[in-house]
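Residues 8 to 265 (the working numbering) make up the sequence shown, in order.
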Amino acid sequence: MTTPMVKFENVTKRYGALTVLDSLNLEIAPDEKVAIIGPSGSGKTTVLRMLMTLERINDGIIYVDGEPLTHMPKNGRLVPADERYLRRVRGKIGMVFQHFNLFPHMSALRNCMEAPIHVLGLSRQEAEQRAAELLDMVGLSDKKHQYPSQLSGGQQQRVAIARALAMRPKVMLFDEVTSALDPELVGEVLNVIRKLGKEHNLTMLMVTHQMGFAKEFADRVCFFYGGQIVESGRPEEIFSAPKEERTRQFLSAVLEAS
């Protein structure tokens with residue numbers, strides 16, 4: 008049996024008395040594309056933030072590529088991971104945020120070179136070659152010397168995707184990557200994600216409000232509500248014949264609004 012690329016085992020996240028994720032169990036296979044949908048406050052983005060170790064979990068264990076992420080083996084048992092261990096396992100994951108988070112004082116090329124040089128130890132020449140190839144892949148080879156302020160929102164988001172890929176992750180996380188964009192720029196970013204899905208062996212998790220894209224692109228859709236997965240299945244099942252009343256309510260409200 009194939010080891011899951013990502014596995015949440017009874018993972019709980021609380022903020023004081025508020026439980027944001029409640030004993031979450033979720034396995035994602037290598038190369039699987041999973042769309043996470045659900046209303047605001049249902050815990051969707053928290054799933055991605057915990058994978059990036061931007062949030063600490065309260066209970067349970069997260070595994071990435073067969074290794075515990077949140078814990079490390081010590082004297083025959085698992086103990087909370089230290090920073091060095093976290094950094095190594097987290098290196099298998101890339102994330103693209105809703106807001107582009109590019110370094111404003113660096114060109115598109117430099118934005119994609121910094122982490123490979125400082126974290127992976129690539130030479131400047133290797134990092135520049137890798138960055139140039141990735142910017143070409145996202146259709147921005149002619150913009151590589153421009154600064155974020157000279158680029159449209161869609162172009163900035165494509166640089167952010169290239170920057171995450173420069174670290175050669177096995178898992179890519181996308182958090183509402185089109186929600187800060189003008190409607191006419193959404194397509195260019197989604198096209199890059201489509202291309203990634205076709206041409207690269209990447210496991211992908213995306214939190215999205217783009218239901219049409221989730222239906223077309225994802226292998227599986229997970230509907231979150233109240234910190235739990237209420238329903239999970241192939242896109243055609245979830246969108247055409249949802250089993251749960253809460254899923255039906257959400258989809259009818261969202262599809263009506265669009």
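Note that the Cβ used here is the ideal one computed from N, Cα and C, for glycine as well. None of these values were measured; they are calculated from a predicted model.
Contact between residue 99 and residue 178 holds, with the beta-carbon distance rounding to 6 Å and staying under 8 Å.
Restricting attention to 106, 233 and 72, the CA atom closest to the CA of residue 29 is found in 233. Judged by DSSP secondary structure, residue 174 falls outside any beta strand (DSSP E); it is assigned neither H nor E. For residue 98, there is no enclosing alpha helix (DSSP H), since its DSSP letter is neither H nor E.
Contact check between the region 213 to 223 and the region 35 to 42: three or more CB pairs, one atom from each, fall below 8 Å, which counts as touching. Listed in chain order, the beta strand (DSSP E) elements of length 3 or more contained wholly in the region 184 to 220 are 210 to 214. Fewer than three Cβ pairs drawn from the region 64 to 83 and the region 140 to 151 lie within less than 8 Å of each other, which leaves the two stretches out of contact. With fewer than 16 other beta carbons inside 10 angstroms of its own, residue 22 counts as exposed. With distances taken between CA atoms, residue 162 lies nearest to 191 out of 131, 180, 191 and 245. In the DSSP assignment, residue 68 falls within the unbroken beta strand (DSSP E) covering 66 to 71. Under DSSP, residue 26 forms a beta bridge with 21. Looking at the backbone, the Cα of residue 188 and that of residue 199 are separated by about 15 Å. Collapsing the DSSP output to three states places residue 240 in a strand. In the structure shown, residue 13 adopts extended strand secondary structure according to DSSP, grouped into three states.
Taking all protein chains in view, the Cβ of residue 87 is surrounded by fewer than 16 other Cβ atoms within 10 Å, so the residue is classified as exposed.
Ranked by Cα distance from residue 91, the options 102, 118 and 60 are led by 60.
Comparing alpha carbon positions, the residue from 80, 126, 154 and 15 closest to residue 176 is 126. Taken through DSSP and simplified to helix, strand or coil, residue 120 comes out as helix.
Under the DSSP definition of a beta bridge, residue 109 lacks any partner. Under DSSP, residue 232 forms a beta bridge with 235.
Secondary structure of residue 150 (DSSP, three-state): helix.
Taking 8 Å as the cut-off, the Cβ atoms of residue 181 and residue 103 count as close. Each residue's CA atom was taken as its position, placing residue 253 and residue 119 some 41 Å apart. Counted as a single uninterrupted DSSP element, the alpha helix (DSSP H) harbouring residue 51 occupies residues 51 to 58.
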